[in-house]
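J.:
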Amino acid sequence: MNAICGCPELRIRSPTESKERIVELVDAFTSLSKDGIVMGCVGCIDGWLCQICAPSSKEVPGVAAIFSGHYQMYDVYVQANCDAFCRFTGYCFNSLGKVGDSIAYKKWKLSQDVVKLPPGFYIVGDNAYPLSSSLLVPYNKLEIKSRKHSDYTFYLSQLRIRIEMASGLLVNKWQIFRRPLVVDFVNVGKVIKTCMKLHKYCIDEPLKL
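As structure tokens, this is what we get:
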């Protein structure tokens, strides 16, 4: 895992690292949008619960804090961002399963970088995230009052689904995520990061042909 995480060729590139990077990401997402309607998107974000085995109290003091009562499991809450090809372009593991998307997002450095994007550029999330000029979210069913609202939600969802696809591909490709991770708690983040980098490699290689 250390070799993979330290490999420069497998580096996960931030969506905000340069102007050229932003343009590259926007062009790819625009090509996915029907008739190129949605322009300016540099990434899609969502949260994913990675189930783990119950850590010992020595590993995690106050271990009950990482138990999700809703899902009845121990987990690490992963915030992830992806590009139009479902490659991960960012991740954050520093929130517990009990934390909501909006709070977890604010604790992620990406939230600070996204605010600094030039006007007209943004990321896309579901409506659990706080709406802003740099983070667009769809209307929920109760908020849709007109054709404009439903069209906006439709076109936005065309792009947002890429992060759901990315998470699904990750879990299905690396079967260790289909059951609780059996690793020391300190290595959970490293396992996830390693699989995300291998996931990127599996997508990158066919694109080079």
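Residue numbers (this note's numbering): 53 to 261.
Every residue gets a Cβ at the ideal spot worked out from N, C-alpha and C, and that includes glycine.
Every value quoted in this text rests on a predicted model; they were computed, and no experiment measured them.
Whose CA, out of TRP226, VAL189, GLN124 and ALA116, lies closest to the CA of PHE206?
T.: Here the question's residue 206 lines up with position 154 in the sequence shown. The candidate whose alpha carbon is nearest that of PHE206 is VAL189.
J.: Look up ASN239 in the DSSP assignment and give the residues it is bridged to.
T.: Residue mapping note: residue 239 aligns to position 187 of the sequence shown, counting from 1. DSSP lists no partner for ASN239.
J.: Relative to the alpha-carbon of HIS122, which residue among GLY152, GLU69 and ASN179 has its alpha-carbon at the smallest distance?
T.: Residue numbering aside, residue 122 sits at position 70 when the sequence shown is read from its first letter. Nearest of GLY152, GLU69 and ASN179 to HIS122, Cα basis: GLY152.
J.: Just the C-alpha distance for VAL243 and LEU259, rounded to the nearest angstrom, thanks.
T.: To locate residue 243, count along the sequence shown from 1; it is residue 191. To locate residue 259, count along the sequence shown from 1; it is residue 207. So the two alpha carbons sit approximately 25 Å from each other.
J.: Report the partner residues of VAL130 according to the DSSP bridge assignment.
T.: Here residue 130 refers to the residue found at position 78 when the sequence shown is read from its first residue. Paired residue(s): TRP100.
J.: Would you mind sorting GLY95 into buried or exposed? The rule is 16 or more other CB atoms within 10 Å of its CB.
T.: Walking along the sequence shown from the start, residue 95 turns up at place 43. Flag for GLY95 reads buried.
J.: For TYR174, which of helix, strand or coil comes out of DSSP?
T.: Residue 174 sits at position 122 when you count from the first residue of the sequence shown. Looking at TYR174 - three-state DSSP - the assignment turns out to be strand.
J.: If distances are taken between C-alpha atoms only, which option among LYS161, GLY99 and CYS247 comes closest to ARG214?
T.: Numbered from its first residue, the sequence shown carries residue 214 at position 162. When each option's Cα is compared against that of ARG214, the closest is GLY99.
J.: Examine the Cβ distances between the segment 192-210 and the segment 164-174 and report whether three or more of them are shorter than 8 Å.
T.: With a cut-off of 8 Å, the segment 164-174 and the segment 192-210 do not count as touching, because too few Cβ pairs lie within range.
J.: Do the CB positions of CYS138 and ALA55 come within less than 7 Å of each other?
T.: Along the sequence shown, one-based indexing puts residue 138 at 86. Along the sequence shown, one-based indexing puts residue 55 at 3. Not in contact: CYS138 and ALA55 (Cβ atoms no closer than 7 Å).
J.: Once you ignore the five residues that flank LYS161 on each side, which residues in its own chain have a CB closer than 8 Å to its CB?
T.: Residue 161 sits at position 109 when you count from the first residue of the sequence shown. Same-chain partners within the cutoff: CYS144.
J.: What do you reckon, are the CB atoms on ILE104 and LEU221 nearer than 7 Å?
T.: As a working mapping, residue 104 is identified with position 52 in the sequence shown. As a working mapping, residue 221 is identified with position 169 in the sequence shown. Not in contact: ILE104 and LEU221 (Cβ atoms no closer than 7 Å).
J.: Hey, ASN133 and ILE97: beta-carbon distance below 7 Å or not?
T.: Counting from one through the sequence shown, the residue named residue 133 turns up at place 81. Counting from one through the sequence shown, the residue named residue 97 turns up at place 45. Yes, the pair counts as a contact, with Cβ atoms nearer than the cut-off.
J.: Identify the residues that DSSP records as bridge partners of GLY142: which are they?
T.: The residue labelled residue 142 in the question sits at position 90 within the sequence shown. Partner(s): ASN133.
J.: So THR68 and ASP165 are in contact, right, with Cβ under 8 Å, and what is the actual spacing, rounded?
T.: By one-based count along the sequence shown, residue 68 stands at place 16. By one-based count along the sequence shown, residue 165 stands at place 113. So it is a contact: roughly 4 Å between Cβ atoms.
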